[in-house]
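J.: Provided herewith is a single structure, encoded as structure tokens, for subsequent inquiry.
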Amino acid sequence: MNRLDKIISLVSQEKKIDVNTLSEKMGVSKVTIRKDLDKLERRGLLHREHGYAVLNSGDDLNVRLSYNYAVKKRIAERAAELIRDNDTIMIESGSTCALLAEAVCQTRRNVKMITNSCFIANYIRNYDSCQVILLGGNYQPVSEVTVGPLVKEMISFFHVDKLFVGTDGFDPSVGFMGKDMMRCEAVSCMADRADELVILTDSSKFTKRSLVHQFSLEQVKQVITDSSLADEQHRLLTAQDIRVTVV
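Take the sequence shown: its position 214, counting from 1, is numbered 204 in our numbering, and each next residue is one higher.
As structure tokens, this is what we get:
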């Protein structure tokens, strides 16, 4: 774990931590810590407040990136191992998916990422190693995605090996669930154009229900999650021939 990741992990644990403490824990000067915090603030992962680094609050994607950051990054890095140079993939919106896009840009060359996420397109804008194909449609400003009939029409032009998706909740009798009907409709169309559906989620989502049906268990090929996944949930997934990767 590099120093920036360690800082995010500490801020996530403490919610608010002063520069002096970060300097001592990281073993670097306060000047270096302040430069690190500037970088993290520009990425929207925290904000600074009178000599403190403070965890974001709210529900937009920049905020969600801050929560369980270390776990999400491990999931994203493992998912990136499924992708090779010159691949074309689809990727849906979400904090872990954004980290996946970044991991791909850092470790692969000439990967084309088809997405309806304006957030992801902006998040990796400074990388020139990969290409983003952004699907147009009705824009949802909070989630920063496009949805609606135009997105569905554009998705129909493509076919890919893998689609990577986050999730908001889970129900054993229903499968994976989302918060927004329009987003779930868009990602369902994306799944129709992919040979393999991969769910990226921290294990906490398996203890929550959400509003809208997203995917049945039969539709999912692989789940990448963390080691806190309950044994019961693990058995349920594997019984449905879903490959479960735990990081």
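Beta carbons are placed, not taken as given, at the ideal position from N, Cα and C, and that holds for glycine.
Starting from Phe263 and walking both ways along the beta strand (DSSP E), at which residues does that stretch end?
T.: There is simply no residue 263 to check, as the chain begins at -9 and stops at 237 in what is shown.
J.: Judging by CA-CA distance, which residue of Asn58, Ser119 and Phe109 is the nearest neighbour of Asn76?
T.: For the purposes of this step, residue 76 is taken as the residue at position 86 of the sequence shown. Closest option to Asn76, Cα to Cα, is Ser119.
J.: One question on the structure: do Leu153 and Ala176 come within less than 8 angstroms of each other, judged by their Cβ atoms?
T.: Residue 153 sits at position 163 when you count from the first residue of the sequence shown. Residue 176 sits at position 186 when you count from the first residue of the sequence shown. No, the pair does not count as a contact, with Cβ atoms beyond the cut-off.
J.: For Lys41, is the classification buried or exposed, using 16 other Cβ atoms within 10 angstroms of its Cβ as the cut-off for buried?
T.: Translated into positions along the sequence shown, residue 41 becomes position 51. The amino acid occupying residue 41 in the given sequence is Gly; Lys does not appear at that position. Exposed, by the Cβ-count rule.
J.: Taking one C-beta from the segment 157 to 170 and one from the segment 198 to 205 each time, how about it: are there three or more such pairs within less than 8 angstroms?
T.: Yes: the two stretches touch, three or more of their Cβ pairs being nearer than 8 angstroms.
J.: Have a look at Asp216 and Glu39 and give me their C-alpha separation to the nearest angstrom.
T.: For the purposes of this step, residue 216 is identified with residue 226 of the sequence shown, where counting begins at 1. For the purposes of this step, residue 39 is identified with residue 49 of the sequence shown, where counting begins at 1. Each residue's Cα considered, the two are about 32 angstroms apart.
J.: Leaving aside the five residues before and after Cys108 along the sequence, list all residues of the same chain whose C-beta is less than 6 angstroms from its C-beta, in chain order.
T.: In the sequence shown, the residue the question calls residue 108 occupies position 118. Only Glu134 meet the Cβ criterion.
J.: If Ala70 and Thr97 are in contact, beta carbons under 8 angstroms, what's the gap, nearest whole angstrom?
T.: The count along the sequence shown starts at 1 and reaches residue 70 at position 80. The count along the sequence shown starts at 1 and reaches residue 97 at position 107. Ala70 to Thr97, Cβ: 6 angstroms. Contact.
J.: Should Glu92 go down as buried or exposed, given a rule of 16 or more other Cβ atoms within 10 Å for buried?
T.: By one-based count along the sequence shown, residue 92 stands at place 102. The residue in question, Glu92, is buried, as its Cβ has 16 or more Cβ neighbours within 10 Å.
J.: Check the C-beta distance from Leu125 over to Ile104 and give it rounded, since I have them as a contact under 8 angstroms.
T.: Position 135 of the sequence shown, counted from the start, is the residue given in the question as residue 125. Position 114 of the sequence shown, counted from the start, is the residue given in the question as residue 104. 7 angstroms between Cβ atoms; contact.
J.: My assumption, with CB atoms under 8 angstroms, is that Cys95 sits in contact with Gly156. Please give the rounded CB distance.
T.: Taking the sequence shown and counting its residues from 1, one reaches residue 95 at position 105. Taking the sequence shown and counting its residues from 1, one reaches residue 156 at position 166. The pair is not a contact, with the Cβ atoms about 18 angstroms apart (cut-off 8 angstroms).
J.: Drop a sphere of 10 angstroms on the beta-carbon of Glu82, count the other beta-carbons inside from all chains shown, and report buried for 16 or more, exposed for fewer.
T.: Along the sequence shown, one-based indexing puts residue 82 at 92. By the neighbour-count rule (16 or more Cβ atoms within 10 Å), Glu82 is buried.
J.: Label Asn239 either buried or exposed according to how many other C-beta atoms from any shown protein chain fall within 10 Å of its C-beta, with 16 as the threshold for buried.
T.: Since the first and last residues shown for the chain are -9 and 237, residue 239 lies out of range.
J.: Under a Cβ-count criterion, where at least 16 other Cβ atoms within 10 Å of its own Cβ denotes burial, should Phe196 be classed as buried or exposed?
T.: Position 206 of the sequence shown, counted from the start, is the residue given in the question as residue 196. Looking at its Cβ environment, which holds 16 or more other Cβ atoms inside 10 Å, Phe196 is buried.
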